[in-house]
């Protein structure tokens with residue numbers, strides 16, 4: 064990717080606004096006005112065949128008339144004129160264009176055609192394009208100071224990059240950020256992302272020191288696997304915080320009529336974000352809570368919160384909130400408690416929360432904060448201040464700012480209500496201290512910090528390669544293809560597992576009584592008999608599975624029963640399978656998501672998967688660490704580590720199976736889905752075996 | 064309860080402020096100032112031995128000097144003077160006092176003694192007291208207009224009653240309400256609730272038309288069972304919305320150092336609220352979201368949300384949020400869609416969400432809202448308006464207000480960001496329309512409306528009485544008491560269940576081979592043998608339980624094995640029990656909560672209860688409806704209604720068992736805890752049986 068062309072868009076020395084207008088409250092007016100209002104450091108040229116003067120500047124009839132070089136063109140003309148204008152930009156030698164105009168792919172087929180036309184012109188000239196149908200771009204870094212959006216509010220500068228897939232939300236977000244005193248360096252509303260996508264921008268910002276945090280509002284992924292690769296590199300250096308809309312099927316349905324793209328299964332999205340370290344925010348508000356908490360601050364070293372309060376009630380709510388979000392509120396050290404006893408009023412509480420009570424002023428807060436800053440049991444401070452009437456609020460706030468400045472642990476301030484009337488509160492924003500109305504939001508953000516800590520500490524993980532019998536699987540799949548069968552079950556499925564070294568319960572086929580004898584000799588009692596007829600998918604429902612056969616008599620009887628029931632045209636075959644006594648049933652599966660590709664699933668068997676929906680997903684391919692995490696993340700995990708006196712199962716056998724199956728997916732892309740159900744987990748490795756599987760080919 | 068004394072507190076004709084002060088920024092100053100600022104309609108008298116004049120009023124040295132009658136005294140003197148002052152109030156004939164002063168039970172033993180002293184004086188004179196250690200009381204109804212708090216902000220009037228157990232939060236809440244343009248009629252911070260508790264206030268407001276909604280901030284219950292009874296009556300008439308802090312053990316620990324009271328198990332709190340129709344809010348912010356949504360509005364008839372938007376992205380977030388909170392976003396009727404096609408721009412989306420797009424102005428919003436108001440598929444409207452530059456915001460807002468005024472369905476407005484800068488937004492507050500920054504909060508509130516709808520529709524439920532053998536249980540418990548045994552297991556436990564008509568797997572005891580023979584004849588194969596020794600609590604761990612015995616040979620062998628293992632001093636007894644083949648294991652239990660009393664628990668057996676923690680609790684006693692709800696509310700409920708081809712189990716047998724055990728708890732309060740584990744549920748009523756139980760006595 065040519066990054067110099069993105070420089071043309073984000074770090075231009077000159078910009079032409081094509082469609083600049085003299086008419087107030089039009090986009091053409093607002094954008095040009097914003098460029099001037101924000102004091103763009105380069106040259107700005109208005110272009111509009113219908114005007115001579117715009118904002119006291121000479122207005123050109125066409126970009127071709129501008130004698131100077133033009134790096135960037137922002138285009139706001141009606142859609143039918145965009146191709147023509149793009150052509151002129153190309154001829155002019157413009158490197159980057161931003162097409163604000165709508166009415167393209169997002170409105171239907173006619174618009175899509177127009178979009179393709181514009182795109183081909185863009186490519187013809189080696190230009191890059193943002194949009195169409197977008198809110199604009201901006202770079203607020205002091206050296207550039209370009210506001211190429213039609214935001215009503217003047218933004219401020221901060222080292223945060225923001226990418227929005229929604230124009231309207233882009234606007235909302237810029238204004239919301241402003242209200243929080245939060246700024247951006249670079250901003251891009253990517254609209255229909257006909258050319259430039261979020262992936263391009265992520266790469267562009269990867270090593271740019273102007274971007275310390277990346278915020279992302281997405282509705283769908285163009286190329287999720289690529290996103291994962293890119294994001295995974297970046298998040299180890301700087302956080303990416305994402306609001307991904309279209310969580311539910313209905314939400315996704317709403318997406319498909321918006322920008323004309325289909326959304327993705329949300330479970331895949333969660334897996335994807337987990338695997339590449341992107342922090343997912345549930346709402347725009349939360350996205351900013353997290354961003355502000357991270358901005359210009361070190362990531363806290365642990366999850367132990369120290370709470371300071373001047374009122375008991377709020378401290379309880381805060382403690383509740385922290386615990387509920389998986390954080391700890393530990394005891395302070397003896398040393399801290401002693402220090403506090405000396406420095407606070409007698410009736411103050413010196414445990415955690417520390418209650419300086421209503422009469423606690425600047426000195427009390429200083430003492431409490433200092434103690435916590437030095438206490439090794441505490442990683443983050445939550446300072447609650449309900450401003451009482453006899454205390455100097457400003458002095459307390461300055462104290463908080465001062466202690467924060469000279470110490471390393473993050474400080475979150477909570478006022479228990481709106482703080483616009485509180486004397487001095489705006490100073491906290493100026494100092495980049497996270498401020499919350501209520502403690503629940505502070506706790507939720509702290510929990511995200513913890514998640515990010517864990518991601519940074521997480522080792523890379525390896526993709527082990529196993530020695531497998533590819534040829535055998537090749538044969539099975541070829542045979543199925545030639546029979547025009549898409550579904551593989553029974554012995555074929557077992558053979559595939561066996562070829563890839565997945566331990567499977569001993570099995571053998573039998574069509575006749577003699578074969579039955581040798582089969583039972585191979586497999587041994589107790590045994591399960593299943594009818595081996597590929598067409599019968601739900602054998603249990605039709606009496607095609609009999610379990611717990613313990614004697615030759617029984618075996619014989621069952622065999623003949625099945626023969627009577629299922630023999631057709633002289634064809635009859637059963638599968639005998641060793642009845643495994645594993646302690647815990649698990650299920651391992653794979654589905655194919657149209658956007659994400661193969662997803663691997665793990666869960667505890669049957670009921671847990673189907674009723675409780677207690678499963679973990681990861682995007683293929685998975686590392687050994689991914690495999691272990693999947694297993695540990697199901698709610699029923701305690702069943703695997705020993706429950707009610709039973710021994711813990713052999714986890715290695717599970718992780719290895721997941722990895723071997725991951726390798727199978729890599730080697731055979733024609734496999735569309737599979738279920739290995741059940742795979743028995745057991746303390747005894749002899750009993751760690753799959754019993755049944757089903758493969759579905761594309 | 065003498066309601067005329069609460070009238071003295073909330074509807075006084077005269078109030079004395081004892082400790083009124085001339086010194087600004089003291090509570091003594093602020094309270095008296097607030098009374099005047101709020102224009103109390105009655106007479107206000109300052110009392111302070113150290114001042115002659117307060118706020119241009121003659122200041123009395125003692126309440127006894129005031130010639131007029133005084134209904135209410137607000138006391139702000141240092142704690143050591145409070146008894147004396149209370150005495151004088153009593154002598155004066157004051158009916159109600161509010162003690163703001165702190166330093167009582169909440170600080171320790173010394174304070175507790177002082178509190179008792181004050182309380183006895185109060186009782187001596189037949190007065191009522193709010194506090195001590197509180198933020199004050201208020202009644203903003205125009206006829207009274209009493210602000211007896213030291214809130215910095217002037218409150219407004221609305222028909223909402225508010226009770227706070229925390230002084231600081233009381234203040235926060237009054238100010239937060241003000242920022243939302245929400246008002247109160249009556250307000251009480253109950254502090255240490257030495258006399259008047261929330262229960263008293265709930266009863267006082269039960270039929271008062273000045274209170275349409277009750278808000279409650281609690282840290283602990285004094286008498287939870289009484290609370291349940293009172294709340295249950297009230298919530299069918301007017302909603303109670305409660306923030307209950309101390310959810311977690313640690314939060315509760317924080318409570319115990321606050322106001323000196325112990326908090327309660329949170330699971331009991333959830334059960335309690337569910338059973339008496341109190342809506343629990345997770346935060347103060349949410350409490351107000353719900354209150355505003357309910358204020359002066361009908362409860363919506365259903366959970367079907369119609370979304371209108373002028374931008375696609377926000378609509379997706381809104382749809383996601385609604386679905387995630389269990390609401391529906393259904394298709395509009397053909398009629399509506401046709402109407403919209405005629406009245407909106409061609410490119411507008413006419414499904415649900417309806418997208419009027421960025422150019423949609425007042426007419427478009429009117430059309431969309433009108434269609435939804437008339438569409439029978441829709442119960443509530445969520446109107447998203449991201450104010451675009453070329454649209455008249457005020458006109459759109461007035462349109463929303465107008466359509467809302469002339470139609471019955473609730474309207475929630477969402478601006479997707481802060482709205483203080485939006486022209487006309489304050490008009491929505493004036494019209495009591497719920498406004499949200501982001502759709503997630505609107506959806507959460509709508510979900511609470513749905514919960515309340517369900518509560519209102521919920522029938523009363525009956526407490527059935529069964530014919531049981533009380534005497535038999537009496538004997539068993541007496542015997543245990545005389546043996547000084549607190550734990551009853553094995554055959555004693557089975558006998559208790561049997562006496563109360565709980566179906567139990569056939570059982571018989573045997574000490575000798577002869578007894579064994581008659582036992583097996585009674586019970587039948589297959590059978591389980593358990594060692595019957597009350598001291599052995601975990602029989603499975605020591606080989607004291609053998610299942611699946613199918614033949615006399617096996618029976619004999621197992622019997623002798625156990626005899627060898629467990630015979631002691633010639634004493635040896637086994638319990639034979641019919642091996643039930645029920646489809647689903649369930650667990651029914653009871654624990655005793657120090658505040659709530661007996662809690663009944665239901666869950667699916669073993670692993671579901673112990674690992675997944677998938678259980679339902681109710682407070683005893685339970686009705687038939689409670690019993691059914693408990694069963695339906697566990698996540699694993701689908702296992703009971705037929706899973707993978709298996710038949711649904713007989714639910715009646717479960718509900719009846721729960722009710723019979725509830726009756727057992729009523730009849731025998733000396734039972735402290737019990738577990739019936741497992742109770743097998745089955746399609747076949749013959750197999751709906753308990754297999755084992757354990758009772759623990761107090």
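Residue numbers (the numbering used here), protein chains in the order written: chain X, 64 to 761; chain C, 64 to 761. C-beta: ideal position from N, C-alpha, C; glycine also.
Residue i to residue j, Cα distance in whole Å?
i: residue 116 (chain C); j: residue 94 (chain C); result: 15 Å
i: residue 383 (chain X); j: residue 283 (chain C); result: 14 Å
i: residue 736 (chain X); j: residue 729 (chain X); result: 13 Å
i: residue 162 (chain X); j: residue 376 (chain X); result: 53 Å
i: residue 761 (chain C); j: residue 495 (chain C); result: 53 Å
i: residue 229 (chain C); j: residue 254 (chain C); result: 6 Å
i: residue 634 (chain C); j: residue 577 (chain C); result: 16 Å
i: residue 319 (chain X); j: residue 170 (chain X); result: Caution applies to residue 319 (chain X), whose pLDDT of 43 falls short of 50 and renders its modelled position unreliable; the model cannot decide the point.
i: residue 325 (chain X); j: residue 588 (chain C); result: Residue confidence is low: residue 325 (chain X) scores 31 on pLDDT, short of 50, so the model does not pin down where it sits. No coordinate-derived value is stated.
i: residue 146 (chain X); j: residue 431 (chain C); result: 35 Å
i: residue 543 (chain X); j: residue 590 (chain X); result: 28 Å
What is the DSSP secondary structure of residue i, reduced to helix, strand or coil?
i: residue 210 (chain C); result: strand
i: residue 566 (chain X); result: coil
i: residue 497 (chain C); result: strand
i: residue 131 (chain C); result: coil
i: residue 648 (chain C); result: strand
i: residue 94 (chain C); result: helix
i: residue 631 (chain X); result: strand
i: residue 467 (chain C); result: helix
i: residue 526 (chain X); result: coil
i: residue 482 (chain C); result: coil
i: residue 385 (chain X); result: helix
i: residue 375 (chain X); result: helix
i: residue 189 (chain C); result: coil
With a threshold of 6 Å on Cβ separation, who are the neighbours of residue i within its own chain once the five nearest residues in sequence on each side are excluded?
i: residue 343 (chain X); result: 305, 336
i: residue 295 (chain C); result: 339
i: residue 441 (chain X); result: 367, 369, 435
Out of the options, point me to the one whose CA is closest to residue i's CA.
i: residue 239 (chain C); options: X:309, X:265, X:75, X:480; result: X:480
i: residue 399 (chain X); options: X:721, X:425, X:283, X:369; result: X:369
i: residue 105 (chain X); options: X:144, X:425, X:205; result: X:205
i: residue 128 (chain C); options: C:723, C:152, C:208, C:693; result: C:152
i: residue 484 (chain X); options: C:235, C:82, C:174, C:173; result: C:235
i: residue 308 (chain C); options: X:181, X:715, X:385, X:87; result: X:385
i: residue 698 (chain C); options: X:702, X:713, X:679, X:672; result: X:672
i: residue 302 (chain X); options: X:361, X:258, X:281, X:348; result: X:361
i: residue 143 (chain X); options: X:103, X:262, X:562, X:181; result: X:181
i: residue 261 (chain C); options: C:273, C:532, C:272, C:278; result: C:278
Could you give the residue range of the beta strand (DSSP E) that holds residue i?
i: residue 307 (chain X); result: 303 to 307
i: residue 372 (chain C); result: 368 to 372
i: residue 718 (chain X); result: Note, residue 718 (chain X): premise wrong, no beta strand (DSSP E); alpha helix (DSSP H) at 714 to 730.
I'd like the list of long-range same chain contacts for residue i, defined as Cβ closer than 8 Å, with 5 residues on each side in sequence excluded.
i: residue 77 (chain X); result: 105, 106, 107, 108, 131, 132, 133, 134, 135
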